[in-house]
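In UniProt numbering, the protein residues as written are 1 to 145. Think of the CB as a built atom: it goes at the ideal place given N, C-alpha and C, for glycine as much as any other residue. From a predicted model like this one, the values you see are computed outputs, not experimental measurements. Down below is the structure, laid out as structure tokens.
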């Protein structure tokens with residue numbers, strides 16, 4: 001059985017691959033549009049799953065409350081960048097700039113989670129809790145992706 005950190009990290013790797021592909025696919029191409037659509041969906045479902053099955057159980061913990069709020073705030077910033085991309089023409093120079101901003105923002109967020117949040121949350125959750133959260137998180141991802 002996976003724990004919550006392994007489950008989330010697996011999806012983070014998927015996001016990193018999609019982000020890399022996104023900034024390498026320039027212009028108004030079918031591949032670019034498909035990559036953007038896949039990334040948008042992945043980020044959206046992941047943020048919801050993570051907020052429900054990782055952040056929410058942490059918010060009640062004094063040590064983690066601020067971190068959880070910060071993570072959720074970053075999800076909103078990522079949503080705003082996705083909206084900007086949706087409002088911008090694929091072949092405009094601004095599109096690639098926003099795509100790079102999104103890549104930078106998401107990668108920073110993933111680093112934060114993997115290097116800071118996970119370590120701290122590891123002290124908060126029991127092994128059983130880590131496994132039950134992974135199960136809930138994974139079920140949510142499968143049901144919504």
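Item: Touch test, the stretch 89-98 against the stretch 113-131, Cβ-Cβ under 8 Å, three pairs minimum; Value: no
Item: Residue 154 versus residue 83 - alpha carbon distance; Value: Nothing in the structure corresponds to residue 154, since the chain is present only between 1 and 145.
Item: The ligand MN heavy atom lying under 7 Å from the CB of residue 126; Value: Questions concerning the ligand MN fall outside what the structure shown contains, since it holds no ligand whatsoever.
Item: Buried or exposed by the 16-neighbour rule on C-beta atoms within 10 Å, applied to residue 7; Value: buried
Item: Residue nearest to residue 38 in terms of C-alpha spacing, selected from 18, 118, 52; Value: 18
Item: Candidates 35, 53, 30, of which the one nearest residue 15 by Cα; Value: 35
Item: Validate contact between the stretch 63-82 and the stretch 20-34 using beta carbons, cut 8 Å, 3 pairs; Value: no
Item: Assigned secondary structure, residue 81 (DSSP; H/G/I helix, E/B strand, else coil); Value: helix
Item: Residue 88 (DSSP reduced to helix, strand or coil); Value: coil
Item: Beta-carbon gap between residue 51 and residue 72 smaller than 8 Å; Value: yes
Item: Closest Cα partner of residue 109 within the set 141, 2, 12, 93; Value: 12
Item: Residue 61 - DSSP class collapsed to helix/strand/coil; Value: coil
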